[in-house]
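Participant:
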Amino acid sequence: MLKTMSAGTRSLFALGALIGLSSVTVLTLELETETPDAEPVEEVVTASLASLPVDPEDFGLGAALEVRPATLKRRETLSDLVNRLDLPGNDGHQALYSLTRSELLNARRVRPGLEVKAHVEGDTLNALSVDLEPGRRLMAKRMPGGEYKAFALDSQLIPTPYIVKGSIETSLYQDAQELGAEDQQVVDFAQVFAYDLDFQREVHPGDEFEMVFDVLMDERGNVIRRGDVLYASLNGKAVTKSFYRFTTPDEKVTDYFQANGESSTKFLMKTPINGARLSSRFGKRRHPISGYTRLHKGTDFAAPTGTPIYAAGNGVVERASRYGGYGHYVRIRHAKGYKTAYAHMSRYGRGVRSGRSVRQGQIIGYVGSTGASTGPHLHYEVYKNGKPVDAMRLKLPTGRKLAMDPEIFEVFEVERDRVDAIRATQQAPDESFVTASVAPPAP
Ligand SMILES: [Zn+2]
């Protein structure tokens, strides 16, 4: 079809109109070919990958087309792959060159698994397509003058809100995935509750959870990816709370807030370590080495040597050095009379020194067994006005309260009510969606 038209970009416009393209970026390259009716050097057309015909042969590439697919192997360059495809003359390299020259493709940053297709007709390479990522395909298309033009075909993604709702049977991770969430949504969900809940120990079978996120689909209804968690709710034995995602218009900080506008973030995280087993609680106990009964001033988390330890809150490092039986030890001074301390570390986090500021969640060290310790674990202490307190039972000052600022709270309410309206109207998960989309995306 294309061949019957006049050369150059105009034909792409025409083609775009014929097949309903809406966002293709066309870059014409200045190759040393004599094209009498060459169009301006750079033109932008819009087209959508999803609205393209399924069969690339319809893409003006001729009916008698042979398609040669190839997948980029480990340690293979795109140039190697093109050689492997055994394409006519130097066409493959010219086509590849048009893609890299257009800067749409960075040949050094491609990964094994990349899908490439050569569309060959007789002794000519009509097009070379590269599926860069889900929803984005690059194409080097041969023009009637013999030069290749590079363009990108992008899916126009339509967000559709999606609800995952259920009760925990095995783990939040597994149960939410079975209902259509992916790793990222579960991680986000856990993060929202990180200040209220020790996920390792305080989530139980029967606890009810709900999350809302956008599913981004192309115009054909293919799921391209899932978006941010907009709503996270847990109705469980340890905590019953719901949070809405919101970006504050003044500070431009994205956070999760309860319906009353209270931030999910707290002054200190509940546990400064992930995936650890609580091996000893705060309180009176027989000391495992000395044998005396005395107050255990902290909480012990057993974890393999090298597990990262995070600063529970923002603050200033008071001490980062060996400290008797505590071994390698870090103590942080926070606001409002709080301090936290971390003992028995194998080593310190980068830049963690006395007098330095640290951010909440920053790695301050790694689990070890230095000092008076019987095995790798973190001994974690929290002090309030100089007195040791139980980190697991701490009632902590909360973060921002949007209600303090009525104008901002009004903006928040609009988003909150929008999400609640979605929750009220959405039906139970559609089985076909779940089964159709849990498959991993293309590499
Ligand atoms: Zn301890």
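Numbering (my numbering), first residue to last: 1 to 443. Even for Gly, the Cβ is constructed at its ideal location relative to N, Cα and C. Here the structure is a predicted model, which is why all the values come from computation and not from measurement.
Considering only DSSP beta bridges, list what LEU128 is partnered with.
Facilitator: ALA118, ALA140
Participant: Give a yes or no on whether the C-beta atoms belonging to GLN200 and ARG226 are separated by under 8 Å.
Facilitator: no
Participant: Just jot down, in chain order, the residues whose CB lies closer than 6 Å to any heavy atom of ligand 1.
Facilitator: SER280, HIS296, GLY298, ASP300, HIS379
Participant: My assumption, with CB atoms under 8 Å, is that LEU268 sits in contact with ALA312. Please give the rounded CB distance.
Facilitator: 4 Å
Participant: Please list the segments of the beta strand (DSSP E) lying wholly inside the segment 148 to 178, counting only runs of 3 or more residues, in order along the chain.
Facilitator: 148 to 154, 158 to 167
Participant: Quick test of the definition: if touching needs 3 or more C-beta pairs under 8 Å, does the segment 241 to 251 touch the segment 328 to 342?
Facilitator: no
Participant: For SER11, name the three-state secondary structure that DSSP assigns.
Facilitator: Model confidence at SER11 stands at a pLDDT of 31, short of 50, so the residue's coordinates are unreliable; what they give is reported in the following sentence. In the structure shown, SER11 sits in a helix (DSSP, three-state: H, G or I).
Participant: Using the Cβ count rule (16 or more neighbours within 10 Å means buried), how would you classify ILE273?
Facilitator: buried
Participant: Report yes if the CB atom of ALA118 is closer than 8 Å to the CB atom of LEU96, and no otherwise.
Facilitator: no
Participant: Ignore the nearest five residues each way along the sequence and tell me which others in ILE289's own chain have a CB closer than 6 Å to its CB.
Facilitator: ALA372
Participant: Restricting to Cα atoms, I'd like to know which of ILE158, TYR329, GLN174 is closest to SER369.
Facilitator: Here the closest residue by C-alpha is TYR329.
Participant: Would DSSP call ARG423 helix, strand or coil?
Facilitator: helix
Participant: Report yes if the C-beta distance between ALA303 and VAL352 is below 8 Å; otherwise report no.
Facilitator: no
Participant: What number of angstroms, rounded off, separates the C-alpha of GLU381 from the C-alpha of PRO397?
Facilitator: 17 Å
Participant: Looking only at its own chain, which residues have a Cβ that is under 7 Å from the Cβ of GLN94, when we skip the five neighbours before and after it?
Facilitator: TYR148
Participant: Buried or exposed: which applies to LEU29, given that a residue is buried once 16 or more other Cβ atoms fall within 10 Å of its Cβ?
Facilitator: Low per-residue confidence applies at LEU29: pLDDT is 32, beneath 50, and the placement is therefore not dependable enough to give any value.
Participant: Given that a residue counts as buried once 16 or more other Cβ atoms are within 10 Å of its Cβ, and exposed if not, what is GLY298?
Facilitator: buried
Participant: Taking the alpha helix (DSSP H) that THR254 belongs to, which residues open and close that run?
Facilitator: Where THR254 is concerned, there is no enclosing alpha helix (DSSP H), although the beta strand (DSSP E) it sits in stretches over 254 to 257.
Participant: Just curious, the beta strand (DSSP E) that THR299 is in, first and last residue?
Facilitator: 299 to 302
Participant: Output yes or no for whether 8 Å exceeds the beta carbon distance between ALA150 and LEU138.
Facilitator: In this structure, LEU138 lies closer than 8 Å to ALA150 by Cβ.
Participant: Specify the secondary structure class of ILE273 as computed by DSSP and reduced to three states.
Facilitator: coil
Participant: Can you tell me which of the three DSSP states GLU410 falls into?
Facilitator: helix
Participant: Between the C-alpha atoms of ILE163 and MET217, what's the straight-line distance to the nearest angstrom?
Facilitator: 15 Å
Participant: So, using beta-carbon positions, are ILE168 and HIS204 closer together than 8 Å?
Facilitator: yes
Participant: Give the list of continuous alpha helix (DSSP H) stretches no shorter than 4 residues that lie fully inside the segment 175 to 212.
Facilitator: 183 to 192
Participant: Quick one: is GLU34 buried, meaning 16 or more other Cβ sit within 10 Å of its Cβ, or exposed?
Facilitator: With a pLDDT of only 33 at GLU34, under the threshold of 50, the placement of this residue in the model should not be trusted, and no figure is reported.
Participant: DSSP has ASN235 in a bridge; who is on the other side?
Facilitator: GLU208, THR240
Participant: If I follow the unbroken alpha helix (DSSP H) through TYR97, where does it start and stop?
Facilitator: 91 to 101
Participant: Determine the direct distance from the alpha carbon of GLN156 to that of LEU81, and round the result to whole angstroms.
Facilitator: 29 Å
Participant: With DSSP run on the structure shown, which of helix, strand or coil describes GLU381?
Facilitator: Three-state DSSP puts GLU381 in a strand.
Participant: Taking 8 Å as the threshold (C-beta atoms), are ASP228 and ASP255 in contact?
Facilitator: no
Participant: So, does the CB of PRO406 fall closer than 8 Å to a CB anywhere in chain C?
Facilitator: The structure shown contains no chain C; it is built from a single protein chain.
Participant: Using a Cβ-Cβ cut-off of 7 Å (strictly less than) and excluding sequence neighbours within five positions of GLU413, which residues of its own chain qualify?
Facilitator: The answer is none, since no qualifying residue turns up.
Participant: The alpha helix (DSSP H) that contains SER79, what's its start and end?
Facilitator: 78 to 85
Participant: Using the DSSP secondary-structure output, state which residues sit across from PRO397 in a beta bridge.
Facilitator: Partner(s): none; PRO397 has no beta bridge.
Participant: By a C-beta neighbour count over all protein chains shown, 10 Å radius and 16 as the cutoff for buried, is PRO376 buried or exposed?
Facilitator: It is buried - the Cβ of PRO376 has at least 16 other Cβ atoms within 10 Å.
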